[in-house]
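> Here the protein sequences come in this chain order: S and C. According to our numbering, numbering within the first sequence proceeds without interruption in unit steps and concludes at 320. According to our numbering, numbering within the second sequence proceeds without interruption in unit steps and concludes at 223.
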Amino acid sequence: MTGAMARELAHLSDEAVVALAARSDEVAFAELYDRYGRVAYGLALRVLRDDALAEDAVQEAFVAIWRGAAHFIPERGKASTWILTLVHRRAVDLVRRENRRRTEPLDDAVLAATEGSAEDLAWLRLERERVQAALRQLPDPQREAIELAYYGGYTQSELAERLGQPLGTVKSRMFAGLSRLHELLDAPKGGTWQTTPFTS
Amino acid sequence: MADDAVHELTAPYALDALDPSEARAYERHLAHCERCQRDLATLAAGAVALAFAAPEADPPAELRGRILVAARAERPNVAPLRPRLSLRSNAARIVAVAATAAAVGLGVWNVVLHDRLSSSHQALRSVAVHGAAGSVLLGGRNEGTLVLTGLATPPAGKTYEAWVIDRGKAKPAGLFGGGKTVVVHLQREVPHGAIVGVTVERAGGAPQPTSAPFITSAKV
Numbered sequence: 121m122t123g124a125m126a127r128e129l130a131h132l133s134d135e136a137v138v139a140l141a142a143r144s145d146e147v148a149f150a151e152l153y154d155r156y157g158r159v160a161y162g163l164a165l166r167v168l169r170d171d172a173l174a175e176d177a178v179q180e181a182f183v184a185i186w187r188g189a190a191h192f193i194p195e196r197g198k199a200s201t202w203i204l205t206l207v208h209r210r211a212v213d214l215v216r217r218e219n220r221r222r223t224e225p226l227d228d229a230v231l232a233a234t235e236g237s238a239e240d241l242a243w244l245r246l247e248r249e250r251v252q253a254a255l256r257q258l259p260d261p262q263r264e265a266i267e268l269a270y271y272g273g274y275t276q277s278e279l280a281e282r283l284g285q286p287l288g289t290v291k292s293r294m295f296a297g298l299s300r301l302h303e304l305l306d307a308p309k310g311g312t313w314q315t316t317p318f319t320s
Numbered sequence: 004m005a006d007d008a009v010h011e012l013t014a015p016y017a018l019d020a021l022d023p024s025e026a027r028a029y030e031r032h033l034a035h036c037e038r039c040q041r042d043l044a045t046l047a048a049g050a051v052a053l054a055f056a057a058p059e060a061d062p063p064a065e066l067r068g069r070i071l072v073a074a075r076a077e078r079p080n081v082a083p084l085r086p087r088l089s090l091r092s093n094a095a096r097i098v099a100v101a102a103t104a105a106a107v108g109l110g111v112w113n114v115v116l117h118d119r120l121s122s123s124h125q126a127l128r129s130v131a132v133h134g135a136a137g138s139v140l141l142g143g144r145n146e147g148t149l150v151l152t153g154l155a156t157p158p159a160g161k162t163y164e165a166w167v168i169d170r171g172k173a174k175p176a177g178l179f180g181g182g183k184t185v186v187v188h189l190q191r192e193v194p195h196g197a198i199v200g201v202t203v204e205r206a207g208g209a210p211q212p213t214s215a216p217f218i219t220s221a222k223v
C-alpha cells in the first residue's frame with residue numbers, strides 16, 4: 121500500500137516526480153522509492169551480498185536523491201539513470217570500504233529470488249529478462265569485464281590484475297560491452313550526461 | 004593526464020570502476036569535453052541496464068519508512084514560505100530532528116512511521132519525555148504516538164496507562180505493557196500545550212490517574 125496521495129502521482133513521469141521531490145514533497149519522494157526501491161535493493165544486494173549493507177546503501181542513496189533532487193536536470197538524462205547511478209555508487213563505495221569482494225566467481229544462487237506482488241513486478245521482470253538476454257549476446261570477455269566491474273565493485277586496475285590483461289584491454293572491453301549493450305537494448309538517446317560528483 | 008587517456012576513462016567511469024582520484028580527474032575533464040559527455044550518456048545507459056538485470060530481491064518493508072525518516076531529518080519542514088521562523092521554532096525543530104534521528108534505530112518505529120508517512124503530507128513533530136527513554140511523535144491532526152525503549156514489565160496485576168493531560172485534566176489514552184521498544188498509539192488527540200503522561204494502574208486501567216505520572220512529556 122502506498123496511500124491514496126502517492127497513487128495520484130502514478131501517471132507522472134519519473135522526471136516530474138523528481139521535480140516534486142525537489143520541492144520537498146515527501147509523497148513524491150516516497151513515490152520514487154516505490155518505483156525504484158526494489159531495483160535499487162536488488163542491485164545493492166548483488167554488489168554487497170549482505171542484507172544490512174544493502175539497506176544502508178539504498179538508504180544513503182535515497183537520502184542523496186532527496187538532497188540532490190533540486191539539482192537534477194531532466195534535459196541531461198533520465199531520472200532512472202540518475203537514481204540508479206547514485207545507488208550503484210553507494211553500493212560500490214561500501215563494498216570497497218568493507219572489503220567484501222570475494223575472489224570466487226559471482227554466484228546468483230546465493231541470492232535466491234523472493235516473491236513480491238506479481239502485478240507490480242511484471243514490468244520489472246520483463247526488463248530483467250530483456251537485459252539478461254542482451255548480456256548473453258555479448259562476447260564473453262566483454263560481459264565478464266562489465267559484470268565484474270559493475271556487480272563486483274572492482275576498479276579497472278584491480279580487474280586488469282585479476283584478469284591478467286593489460287589495463288588498455290580491460291578499458292576497451294568495458295567500452296565495447298557497454299556500447300553494445302546499449303545498442304541491443306535500443307535505449308533512447310539520452311542527450312548529454314549530467315555530472316554527479318563522485319563523492320556525493 | 005593526457006587527453007586521449009582521459010577519454011578512455013568514460014567506460015570505467017560509467018561502471019564506477021575508477022578509484023576516487025581517477026574519478027575526480029575524469030569529472031574535471033568531463034565538464035568541458037562534449038565527446039565524453041556524449042559517450043557517457045550512452046555508456047551510462049548501458050551500465051544502468053545492468054541494475055535491472057540483478058537478481059530480484061524484496062527490500063525489507065521497514066526500509067521505506069527508515070528512508071523517509073532519514074530524508075525528513077535531512078531537510079525537515081523546509082520553510083521557504085515561512086520567513087518568520089522564530090528562534091523557538093528553530094530550537095523545537097532541532098529537538099525534533101534529534102529525536103527523529105534517535106528513533107531511526109528503533110525497528111518497530113519504522114513500521115509506525117511507514118504507515119503514517121506513506122499516507123499523508125502531515126507534519127510530524129517529536130517532543131522529549133522525562134522518566135524513560137523515548138519521545139512523543141505528533142502527526143498533523145494532533146494524533147500522537149508514544150515511543151519508549153527499555154521499559155520494564157509492569158508488576159503482576161498492573162498495567163501502564165497513558166494519559167493526555169490538558170489544562171490540568173487527565174484523560175485516558177491507552178494501556179500497554181513493557182518491552183524493549185514500546186509503541187503506543189494514543190487513543191485521543193493531543194492538543195497543543197498538552198502533555199502526555201504514564202502511570203502504573205491496576206490491570207484494566209483506571210478512569211483517572213491514581214498517582215503522579217512517572218513518565219511525562221514536554222508540552223506538545
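Ideal placement from N, C-alpha and C gives every residue a C-beta, glycine not left out. For clarity, every value in this text was computed on a predicted model and none was experimentally measured.
Could you say if the region 191–201 of chain C and the region 157–172 of chain C meet the contact criterion of at least three C-beta pairs nearer than 8 Å?
Short answer: they touch.
> Looking at the structure shown, is C:K2 part of a helix, part of a strand, or coil, going by DSSP?
No statement about residue 2 of chain C is possible, as the shown extent of chain C runs from 4 to 223 and does not include it.
> Run through chain C and tell me which residues come within less than 7 Å of S:G197, C-beta to C-beta.
Position 77 of the first sequence holds residue 197 of chain S. Residues of chain C passing the Cβ test: A44.
> Closer than 7 Å, CB to CB, is S:L287 near chain C or not?
As a working note, residue 287 of chain S is residue 167 in the first sequence. By this cut-off, S:L287 is not an interface position.
> May I ask you to report which of helix, strand or coil DSSP gives C:E204?
Reading the second sequence from its first residue, position 201 is the one you call residue 204 of chain C. Three-state result, C:E204: strand.
> For C:T148, which of helix, strand or coil comes out of DSSP?
On the second sequence, position 145 is the one that residue 148 of chain C refers to. It is a strand residue.
> Which residues of the region 146–174 of chain C have a Cβ closer than 9 Å to any Cβ of chain S? Give them in chain order.
none
> Please name the residue, chosen from S:E281, S:V215 and S:R196, that lies closest to S:D176 on a Cα-to-Cα basis.
Numbered from its first residue, the first sequence carries residue 176 of chain S at position 56. Among S:E281, S:V215 and S:R196, the Cα nearest to that of S:D176 is on S:V215.
> What in chain S is Cβ-close to C:A14, meaning under 7 Å?
By 1-based counting over the second sequence, the position of residue 14 of chain C is 11. K291, M294, F295 and L298, listed in chain order.
> Along the chain, where does the beta strand (DSSP E) that runs through C:T219 open and close?
In the second sequence, counting from the first residue as 1, residue 219 of chain C sits at position 216. Start and end: I218 to S220.
> Count the other CB atoms, across all protein chains shown, that sit within 10 Å of the CB of C:K222; report buried if there are 16 or more and exposed otherwise.
Taking the second sequence and counting its residues from 1, one reaches residue 222 of chain C at position 219. Counting Cβ neighbours within 10 Å, C:K222 comes out exposed, since fewer than 16 surround it.
> Closest by CA to S:A150, which one among C:T213, C:G160, C:V186 and C:L66?
Against the first sequence, residue 150 of chain S aligns to sequence position 30. Selected option, being the one with the closest Cα: C:L66.
> Taking only runs that begin and end inside the region 227–296 of chain S, name each unbroken beta strand (DSSP E) of 3 or more residues, in chain order.
none
> Keeping to the same chain, check which residues put their C-beta closer than 7 Å to that of S:L298; ignore five residues upstream and five downstream.
Residue mapping note: residue 298 of chain S aligns to position 178 of the first sequence, counting from 1. Same-chain partners within the cutoff: I266.
> In this structure, how does DSSP classify S:L301 when only helix, strand and coil are distinguished?
Residue 301 of chain S sits at position 181 when you count from the first residue of the first sequence. Collapsing the DSSP output to three states places S:L301 in a helix.
> Bridge partners of C:G177, per DSSP?
Within the second sequence, residue 177 of chain C is the residue found at index 174, counting from 1. DSSP output for C:G177 lists C:A165 as bridge partner(s).
> Does the Cβ of C:G68 have 16 or more other Cβ atoms within 10 Å, making it buried, or fewer, making it exposed?
Taking the second sequence and counting its residues from 1, the one referred to as residue 68 of chain C is at position 65. Only buried fits C:G68, as 16 or more other CB atoms lie within 10 angstroms of its CB.
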